[in-house]
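Colleague: Chains as they are written, first to last, in the numbering used here: chain L, 1077 to 1404; chain Y, 6 to 557.
Just so you know, even glycine gets a beta-carbon here, dropped at the ideal spot from N, CA and C.
Note that the coordinates shown come from a computational prediction; the quantities given were computed from them, not determined experimentally.
#1: Can you tell which of Y:540, Y:335, Y:400, Y:36 has the C-alpha that lies nearest to the C-alpha of residue 1 of chain Y?
#2: Counting pairs of Cβ atoms below 8 Å between the segment 538–546 of chain Y and the segment 366–381 of chain Y, do you hit three or more?
#3: For a test of the three-state rule: what should DSSP assign to residue 1141 of chain L, helix, strand or coil?
#4: What's the gap between the Cα of residue 450 of chain Y and the Cα of residue 344 of chain Y?
#5: For residue 80 of chain Y, which option in Y:110, Y:431, Y:11 has the closest C-alpha, if you only look at C-alpha atoms?
#6: Reducing DSSP to helix, strand and coil, say where residue 1268 of chain L ends up.
#7: Mind checking if residue 1397 of chain L is an interface residue toward chain Y, Cβ cutoff 8 Å exclusive?
#8: From Y:259, Y:289, Y:296, pick the residue whose C-alpha is nearest to that of residue 278 of chain Y; which is it?
#9: Any Cβ of chain L within less than 8 Å of the Cβ of residue 99 of chain Y?
#10: Does the beta-carbon distance from residue 1202 of chain L to residue 1286 of chain L come in below 8 Å?
#11: For a cutoff of 8 Å on Cβ pairs, would you count residue 1304 of chain L as touching chain Y?
#12: Residue 1319 of chain L touches chain Y at which residues, Cβ-Cβ below 8 Å?
#13: Whether or not the segment 1279–1299 of chain L and the segment 1317–1331 of chain L are in contact is what I'm after, with contact meaning three or more pairs of Cβ atoms, one per stretch, closer than 8 Å; do they touch?
#14: Work out the CA separation of residue 1171 of chain L and residue 1209 of chain L for me, nearest whole Å.
#15: For the segment 131–157 of chain Y, which residues have a beta carbon sitting closer than 7 Å to at least one beta carbon of chain L?
#16: Check whether the segment 89–107 of chain Y and the segment 168–179 of chain Y touch, using three or more Cβ-Cβ pairs below 8 Å as the test.
#17: Could you give the C-beta distance for residue 456 of chain Y and residue 437 of chain Y, rounded to a whole number, given that I count them as a contact under 8 Å?
#18: Just verifying my parser: in three-state terms, what is the DSSP assignment at residue 343 of chain Y?
#19: When the Cα atoms are used, what is the spatial distance from residue 1229 of chain L to residue 1253 of chain L?
#20: Using a Cβ distance threshold of 8 Å, determine whether the segment 1367–1379 of chain L contacts the segment 1145–1159 of chain L, with at least three qualifying pairs required.
#21: Please identify, using Cβ separations under 7 Å, the residues of the segment 1323–1353 of chain L that lie next to chain A, in order along the chain.
#22: Any beta carbon from chain L within less than 8 Å of residue 209 of chain Y's own beta carbon?
#23: Have a look at residue 1405 of chain L and residue 1271 of chain L and give me their C-alpha separation to the nearest angstrom.
#24: Going by C-alpha distance, which of Y:301, Y:416, Y:501, Y:405 is nearest residue 293 of chain Y?
#25: For residue 428 of chain Y, which of Y:448, Y:444, Y:473, Y:461 has the nearest alpha-carbon?
#26: Suppose only complete runs of 3+ residues qualify. What are the beta strand (DSSP E) ranges in the segment 247–283 of chain Y, listed by chain order?
#27: Using CA atoms only, rank isn't needed, just tell me which of Y:110, Y:247, Y:222 is closest to residue 1399 of chain L.
#28: Would residue 311 of chain Y be called buried (16 or more neighbouring beta carbons within 10 Å of its own) or exposed?
#29: Mapping the DSSP letters down to three states, classify residue 125 of chain Y as helix, strand or coil.
#30: So what does residue 320 of chain Y bridge to, in DSSP terms?
#31: Can you tell me whether residue 1130 of chain L is buried or exposed? The criterion is at least 16 other CB atoms within 10 Å of its CB, across all chains shown.
#32: Any contact of the segment 1131–1139 of chain L with the segment 1336–1354 of chain L, i.e. 3+ C-beta pairs under 8 Å?
#33: Which chain Y residues are close to residue 1314 of chain L, counting only those with a beta carbon under 8 Å from its beta carbon?
#34: Under a three-way DSSP split, which group does residue 28 of chain Y fall into?
#35: Looking at residue 1149 of chain L and the ligand FMN, is the gap between the Cβ and the nearest heavy atom below 7 Å?
#36: Could you confirm whether any beta carbon from chain L is found closer than 8 Å to the beta carbon of residue 63 of chain Y?
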């Protein structure tokens, strides 16, 4: 329930920020050849001649009816644009996060269990490299190597090669929808398109997760209860996974929430590099065109995502740690 | 003669650290037979825990046995194979630790941890585990098995957690129990019940026990054999109680002297009586300094559902009355959770009393809220020395800054030029060497940190000092010196103390009068000698009986 005031805050700030951006949408849409009169006409059409306060009231009134406005860029309603593109972004982000977790957690555990050995150093190199490579660079590098040089990956032109038709929408995730439809060829093609951008995101997310896993595991492995369990002859495997890792999950969950929100931001660049039709690239286009409604819609969706994400993390926290109760 | 059950011969343990190899212990010899209890006694850093850990090869990645042998029932343990360790740890030799709350996995149910142990050592299958867990808990005298098996460690008391640890150690009928300070941090009555439990096992199962402790009283009361360690070496070993009557080594003598007993006096805690305490103490005039009337502190409890609408309340302090005279030390004793710390915080005006009056020189200082008390002229008259000498000092401030802080904050007419002199004088008063005054807390020893805490508290010439377990984190030899310092300061400056502690032996030496507290109420009070020799209340009797005593 605490989310409601923060959402209202986001709405206000997003509105004010977009209005204070340089650039006049009316001029942009009237085109280069337009004269004063046609610009004024468009401005009136868009309601931009009214005071900012008035515009805000109108915007809020529309919001309560679920109307996010119309994107000037595409001519479609913002709500439908976002709902069409949102699953694409989510599919990419979740896959990226899943890949990062699959690589980072084992790496962090191995490094913590064998501190100061070659595997620990390897982990450190990975983390440093991942943290210091800009995401557009790693994306382009992957495209260069796997598409251009090796030819293993398909061309980076969106969610599906144009030989295939997009599967009927169930979840909005092409890979899953295609499988539900029994069309495994399409599913494989969608997965192929997905893999490079997801890896790009994963490289980005790997560093903080691996580092956090390592330090949380080191703390847990050095704890009294692990020492006691060792003295009592509990199997090392069980100590690592049941005694240490479960306790290390607590700080990990916190960092995962943070990483996920970084990924939402990083998406914008990755989607641009891989022509991924997600909300990130949509937002960049909208921003360039001073497309107010679209930018505000994007910010609002992101804010809701953050709120939901924090809620999920909190719930997971109470599930993992019995000491945390709901009322905190 | 047959070989002993456990034989440690010429053991040396090295640790590889960044600053080179540290020889943690050297040339340790220990023999132990079945059914015997051996005490390894020593202060922090003496290597007593390292010795015990080396038996189960728990030295960590950087520690290794450099020399010597460990034989347990014919098996060599100085360089064990992984499979031998698997058979030994928990099955043949079990271990319990200090601080039972943190030696249990905090997020796993107690019952699950017990069944982990049983299944690990093939003592139970998935089907039989629940029943066996309950049997084990019965063996450690836990009746409420259903609640305990489903509880997480944080939901249990420290004593209960230690019982669970013992149950873990018993799971496989181990033949040797290593107990590393098993009752440090527990109340004396809990300590007694835990030790009685262990002694029962020794008797009925012929269990061999290594008891690692810093408390000579415990060693005296429960053990058959004794090893005294200092700086990684055994300085004295003895197979009977003659250690206590005719100690050979000077370190043993020093330890014995420093251990407070039923009749020891504060000036005799060190081998030589300090000059400051050589004169007899002056009589205390009955001039009232502090008078507490009907003091109550109520906390609102959160109910199970998480809403505090039900208004469940709990009186941590429940109608307390007492007086402290000028120049007098009053001891406040009780078990953890009895409200003694809350009382001291109320009087120090760190918390707001719910009811009652706190009269300081006739003025009701309870009227001023705890937030505004910092501006009261009485703030500098009432100061506090805290329990944890490390935790109560800002780790980024030097001793000089720490001591000068109250002067800067509270002294009205302070003079910058004099500050240095003033701090130096204070350091001298508490015996803190001046060359240490610009060090940070972590560069000081426990005793030196305690001195900083005391210097800071007396910086403004307070009238009343509240000592909240000021020595409970210190080794006995350091405790002895700190207690002497406190006694000296009281006599010299006519200070009054409220000495809060769970250790009756310590309180007895400093206090003229004693208050015994239980469940928020003072159940007995009176002259120290009177209360100690003729306790009236049942709780005082229980407390007194539970303290392990050295033979006088």
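Modeller: Looking at the atomic coordinates:
#1: Past the edges of chain Y, shown from 6 to 557, lies residue 1 of chain Y, and the structure says nothing about it.
#2: no
#3: coil
#4: 30 Å
#5: Y:11
#6: helix
#7: yes
#8: Y:259
#9: yes
#10: yes
#11: yes
#12: 110, 113
#13: yes
#14: 20 Å
#15: 157
#16: yes
#17: 5 Å
#18: coil
#19: 21 Å
#20: yes
#21: Here the protein chains are L and Y, and chain A is not one of them.
#22: no
#23: Given a span of 1077 to 1404 for chain L in the structure shown, any question on residue 1405 of chain L remains unanswerable.
#24: Y:501
#25: Y:461
#26: none
#27: Y:110
#28: Note that residue 311 of chain Y has pLDDT 48, beneath the 50 cutoff, so the model's placement of it is unreliable and no number is given.
#29: helix
#30: Y:303
#31: exposed
#32: no
#33: 121, 125
#34: strand
#35: Among the components modelled here there is no ligand, and therefore nothing to report on the ligand FMN.
#36: yes
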